[in-house]
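Per my numbering, the very first residue in the sequence shown carries number 5; after that it's consecutive. What follows is a short report on a single structure.
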Amino acid sequence: MNLWRRIYAEHRRVLLPLLVVAAANVVLFVVVVLPLGRSVATAERDAQDATLNLATARQLDRQARNAAASRDRADRELQAFYGDVLPSTFVVAERTTRRWLQQAARDAGLEYRAANFTWEPVRESPLSRASADVTLRGRYADIRRFLHAVEAADEFLVVERLALTQPANTPQGTAGMLEVSLIVSTFFVTEPAR
Numbered sequence: 005m006n007l008w009r010r011i012y013a014e015h016r017r018v019l020l021p022l023l024v025v026a027a028a029n030v031v032l033f034v035v036v037v038l039p040l041g042r043s044v045a046t047a048e049r050d051a052q053d054a055t056l057n058l059a060t061a062r063q064l065d066r067q068a069r070n071a072a073a074s075r076d077r078a079d080r081e082l083q084a085f086y087g088d089v090l091p092s093t094f095v096v097a098e099r100t101t102r103r104w105l106q107q108a109a110r111d112a113g114l115e116y117r118a119a120n121f122t123w124e125p126v127r128e129s130p131l132s133r134a135s136a137d138v139t140l141r142g143r144y145a146d147i148r149r150f151l152h153a154v155e156a157a158d159e160f161l162v163v164e165r166l167a168l169t170q171p172a173n174t175p176q177g178t179a180g181m182l183e184v185s186l187i188v189s190t191f192f193v194t195e196p197a198r
């Protein structure tokens with residue numbers, strides 16, 4: 005008899021249950037533990053992905069909230085600009101701009117010769133543009149002082165075009181006088197903001 009057969013025959017009562025238990029353990033390992041290990045690894049990967057997705061979603065949410073807050077703040081500031089800085093109608097724009105230009109010309113030592121106002125709507129905007137074609141006369145230094153006053157004004161004024169000329173027939177004692185033609189614009193609200 006072979007040695008292994010003899011050992012098996014003598015210890016069959018102990019070996020048979022041990023072999024059955026070992027086979028059951030192998031089957032249990034292959035059928036249950038390995039798939040569970042894979043599913044645990046998959047679950048861990050899914051949890052990491054979910055954590056990453058949550059962090060990304062929170063960041064996107066924070067960015068969206070910041071963008072909404074910035075947009076709301078910009079809308080409030082724009083409405084305040086429309087209400088507090090810009091004239092409300094063409095008549096108000098013309099009157100305040102004309103008065104301001106006349107006073108600034110006087111303060112700079114210039115002669116206010118003429119101003120013609122027109123207005124036109126700004127495309128795709130609740131605003132309209134009021135333009136004044138202004139003619140002034142004076143010395144170069146005074147013209148510079150006037151232009152500085154326009155640029156530094158609290159009123160919303162834009163110098164769009166500027167032309168300096170020396171008048172052809174100037175009276176005696178007015179040498180060095182220049183004539184300046186400029187287009188100064190401001191804006192006013194013509195329709196309620198959307």
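For glycine and all other residues, C-beta sits at the position ideal for the given N, C-alpha and C. These numbers come from a predicted model, not from an experiment.
How long is the line joining the alpha carbons of residue i and residue j, rounded to whole angstroms?
| i | j | result |
| --- | --- | --- |
| residue 6 | residue 25 | 25 Å |
| residue 190 | residue 95 | 12 Å |
| residue 132 | residue 118 | 22 Å |
| residue 182 | residue 134 | 26 Å |
| residue 150 | residue 120 | 18 Å |
| residue 105 | residue 122 | 15 Å |
| residue 164 | residue 55 | 56 Å |
| residue 40 | residue 21 | 26 Å |
| residue 148 | residue 167 | 13 Å |
Tell me which residue opens and which closes the beta strand (DSSP E) that residue i is part of.
| i | result |
| --- | --- |
| residue 115 | 115-125 |
Which class does residue i belong to by DSSP, given the choice of helix, strand or coil?
| i | result |
| --- | --- |
| residue 158 | coil |
| residue 180 | coil |
| residue 167 | strand |
| residue 194 | coil |
| residue 172 | coil |
| residue 7 | helix |
| residue 100 | helix |
Could you spell out the range, first to last residue, of the alpha helix (DSSP H) harbouring residue i?
| i | result |
| --- | --- |
| residue 55 | 38-84 |
| residue 139 | No alpha helix (DSSP H) holds residue 139; the beta strand (DSSP E) holding it covers 131-142. |
| residue 33 | Residue 33 -> no alpha helix (DSSP H), and no H or E assigned at all. |
Have a look at the DSSP bridge pairing and note the partners of residue i.
| i | result |
| --- | --- |
| residue 187 | 137, 165 |
**Item:** Contact between the stretch 156-168 and the stretch 88-106 (3+ Cβ pairs under 8 Å)
**Value:** Because the criterion of three Cβ pairs below 8 Å is met, the stretch 156-168 and the stretch 88-106 touch.
**Message:** Any contact between the stretch 105-118 and the stretch 133-147? By contact I mean 3 or more CB pairs, one from each, below 8 Å.
**Reply:** Yes: at least three Cβ pairs fall under 8 Å.
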